[in-house]
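For reference, the structure discussed in these notes is given below.
2 protein chains.
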Amino acid sequence: MGNKNISMAVIRRLPKYYRYLADLLAKDIQRISSKELSEIIGFTASQIRQDLNNFGGFGQQGYGYNVEALHKEIGKILGLDRNYNAILVGAGNLGQALTNYTGFKNAGFDIKAVFDANPKMIGLKLRDYEIMDSDEMEKYIVDNAVDIAILCIPKNGAQEVADKLVKLGIKGIWNFAPIDLEVPNDVIVESVNLTESLFTLSYLMKEGTEI
Amino acid sequence: MGNKNISMAVIRRLPKYYRYLADLLAKDIQRISSKELSEIIGFTASQIRQDLNNFGGFGQQGYGYNVEALHKEIGKILGLDRNYNAILVGAGNLGQALTNYTGFKNAGFDIKAVFDANPKMIGLKLRDYEIMDSDEMEKYIVDNAVDIAILCIPKNGAQEVADKLVKLGIKGIWNFAPIDLEVPNDVIVESVNLTESLFTLSYLMKEGTEI
Numbered sequence: 001m002g003n004k005n006i007s008m009a010v011i012r013r014l015p016k017y018y019r020y021l022a023d024l025l026a027k028d029i030q031r032i033s034s035k036e037l038s039e040i041i042g043f044t045a046s047q048i049r050q051d052l053n054n055f056g057g058f059g060q061q062g063y064g065y066n067v068e069a070l071h072k073e074i075g076k077i078l079g080l081d082r083n084y085n086a087i088l089v090g091a092g093n094l095g096q097a098l099t100n101y102t103g104f105k106n107a108g109f110d111i112k113a114v115f116d117a118n119p120k121m122i123g124l125k126l127r128d129y130e131i132m133d134s135d136e137m138e139k140y141i142v143d144n145a146v147d148i149a150i151l152c153i154p155k156n157g158a159q160e161v162a163d164k165l166v167k168l169g170i171k172g173i174w175n176f177a178p179i180d181l182e183v184p185n186d187v188i189v190e191s192v193n194l195t196e197s198l199f200t201l202s203y204l205m206k207e208g209t210e211i
Numbered sequence: 001m002g003n004k005n006i007s008m009a010v011i012r013r014l015p016k017y018y019r020y021l022a023d024l025l026a027k028d029i030q031r032i033s034s035k036e037l038s039e040i041i042g043f044t045a046s047q048i049r050q051d052l053n054n055f056g057g058f059g060q061q062g063y064g065y066n067v068e069a070l071h072k073e074i075g076k077i078l079g080l081d082r083n084y085n086a087i088l089v090g091a092g093n094l095g096q097a098l099t100n101y102t103g104f105k106n107a108g109f110d111i112k113a114v115f116d117a118n119p120k121m122i123g124l125k126l127r128d129y130e131i132m133d134s135d136e137m138e139k140y141i142v143d144n145a146v147d148i149a150i151l152c153i154p155k156n157g158a159q160e161v162a163d164k165l166v167k168l169g170i171k172g173i174w175n176f177a178p179i180d181l182e183v184p185n186d187v188i189v190e191s192v193n194l195t196e197s198l199f200t201l202s203y204l205m206k207e208g209t210e211i
């Protein structure tokens with residue numbers, strides 16, 4: 001695809017557009033100007049036009065945006081016009097929470113198997129899953145089409161698991177381990193570091209103002 | 001404090017510095033040059049110097065950084081030289097996972113009470129907590145010193161809860177509800193939107209390269 005020069009800041013705004021457009025659709029709103037969209041979403045109208053121009057515009061002078069069409073297009077840009085098979089590694093508290101959350105499946109991200117290294121966890125039922133032994137992960141990936149691995153494991157061992165996943169051809173890792181994984185360029189790691197988010201909150205509270 | 005003009009990008013890198021410096025301390029490494037730090041952390045040495053200069057530098061020509069002192073200073077900058085009393089609202093899967101994670105308490109963020117609106121949840125034990133009725137939240141906040149509220153509730157109702165929290169003087173909200181909360185300027189909201197993170201992953205996978 002040809003979007004290599006889109007900045008990460010723009011990319012991180014796209015899911016937000018997608019969410020607001022879904023809200024508008026749910027309210028049966030058919031079209032919206034960039035000014036109105038700006039009032040709802042909190043970006044300037046010029047920012048919105050600039051952002052969307054990166055992907056070809058979509059707006060029509062004097063008409064604004066067709067909400068349904070724009071929602072669909074942004075979904076396509078985000079890669080949401082297909083389904084993803086995921087596995088989850090690490091069935092601790094957070095892993096269980098993610099497995100139990102049905103919103104991901106509704107968005108096309110389907111957790112197909114859950115692995116844990118703790119013998120006490122293996123074989124336990126978690127929603128529709130029987131937790132599998134992490135030692136079986138490699139065989140599972142060989143035998144099944146897996147697009148994304150969700151890592152909910154501690155820092156220690158996370159790089160080793162990532163190395164295995166990469167070797168088996170996994171191209172997307174959603175990483176909750178508090179470590180910056182090293183992977184080849186063609187593998188995407190998207191990390192969620194909750195502690196870093198919490199420390200950002202305390203920093204901003206200390207400064208006493210939102211930025 | 002005087003750091004109002006620090007960009008959000010710099011701020012979001014601070015917890016990462018803090019984490020890497022803690023790793024170095026754990027390995028008993030006393031000092032490090034910005035070049036060495038750069039190799040570990042993956043930012044350029046000039047970026048590191050620039051970032052830290054925002055807060056007064058800390059490095060000494062020809063010596064580099066004193067790891068322990070820098071770790072401590074960044075901790076102070078992040079507001080980690082004090083403790084925070086938190087309450088958690090919404091004891092579903094994610095709320096339970098956050099409550100059960102001991103790392104936050106170790107970092108000075110102590111969840112003191114857990115609330116839920118679901119009658120089936122109220123009174124249940126969650127770690128050391130008996131889940132309290134959300135209707136008691138306001139009284140609890142009046143009677144106890146609460147710094148931070150962690151919102152693990154659905155989108156609907158989240159703004160209403162935030163409004164209550166603001167009214168009661170809460171200055172920090174760690175928000176996991178998929179909604180952009182509207183709060184006065186002196187209240188900080190730090191949001192974690194897992195679905196947006198997942199959509200960023202799928203976007204980057206579609207583009208086939210890390211940015």
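Protein sequence lines, in the order shown, are assigned to chains A and B.
Residue numbers are given in full-length UniProt numbering: position 173 of the first sequence equals residue 173, and the series is strictly consecutive.
Residue numbers are given in full-length UniProt numbering: position 203 of the second sequence equals residue 203, and the series is strictly consecutive.
Cβ atoms here follow ideal geometry from the backbone N, Cα and C, with glycine treated the same way.
Proximity winner among the options, relative to residue i (alpha-carbon distances)
i                      : options                   : result
residue 89 of chain A  : A:75, A:14, A:206, A:176  : A:176
residue 70 of chain A  : A:131, A:192, A:200, A:15 : A:15
residue 86 of chain A  : A:36, A:92, A:93, A:99    : A:99
residue 37 of chain A  : A:27, A:28, A:17, A:78    : A:17
residue 174 of chain A : A:109, A:131, A:11, A:140 : A:109
residue 42 of chain B  : B:62, B:24, B:102, B:20   : B:20
residue 179 of chain A : A:6, A:147, A:158         : A:158
residue 34 of chain B  : B:67, B:107, B:133        : B:67
residue 5 of chain B   : B:30, B:22, B:54, B:49    : B:54
residue 193 of chain A : A:23, A:94, A:58, A:65    : A:94
Residue i versus residue j - alpha carbon distance
i                      : j                      : result
residue 84 of chain A  : residue 104 of chain B : 32 Å
residue 51 of chain A  : residue 123 of chain A : 47 Å
residue 111 of chain A : residue 191 of chain A : 18 Å
residue 40 of chain A  : residue 202 of chain B : 25 Å
residue 28 of chain A  : residue 44 of chain A  : 23 Å
residue 80 of chain B  : residue 74 of chain B  : 9 Å
residue 183 of chain B : residue 137 of chain B : 19 Å
residue 92 of chain B  : residue 153 of chain B : 8 Å
residue 10 of chain A  : residue 198 of chain B : 15 Å
residue 162 of chain A : residue 140 of chain B : 44 Å
residue 102 of chain B : residue 32 of chain A  : 46 Å
residue 151 of chain A : residue 63 of chain A  : 45 Å
residue 188 of chain A : residue 132 of chain A : 25 Å
residue 168 of chain B : residue 130 of chain A : 44 Å
residue 166 of chain B : residue 13 of chain A  : 26 Å
Residue i classed as buried or exposed, judged by whether at least 16 other C-beta atoms fall within 10 angstroms
i                      : result
residue 8 of chain A   : exposed
residue 56 of chain B  : exposed
residue 96 of chain B  : buried
residue 186 of chain A : exposed
residue 160 of chain A : exposed
residue 144 of chain B : exposed
residue 149 of chain B : buried
residue 26 of chain B  : exposed
Start and end residues, alpha helix (DSSP H) containing residue i
i                      : result
residue 41 of chain B  : 34 to 41
residue 189 of chain B : That residue, residue 189 of chain B, is in no alpha helix (DSSP H); its beta strand (DSSP E) goes 188 to 191.
residue 183 of chain A : Here residue 183 of chain A belongs to no alpha helix (DSSP H), and DSSP marks it neither H nor E.
residue 199 of chain B : 194 to 207
residue 77 of chain A  : 67 to 77
Any non-hydrogen atom of the ligand SAH closer than 7 Å to residue i Cβ
i                     : result
residue 94 of chain A : The ligand SAH is not among the ligands present in this structure, which contains no ligands whatsoever.
8 Å Cβ cutoff, residue i in contact with chain C
i                      : result
residue 121 of chain A : Within the model displayed, chain C is absent; protein chains A and B are what it includes.
Could you name each continuous beta strand (DSSP E) segment of 3 residues or more that falls completely within the UniProt domain "CoA-binding" (79 to 180) of chain A, going from the start of the chain to the end? Every beta strand (DSSP E) of 3 residues or more that sits fully in the UniProt domain "CoA-binding" (79 to 180) of chain A is shown, in chain order, as 84 to 89, 109 to 116, 148 to 151, 172 to 175.
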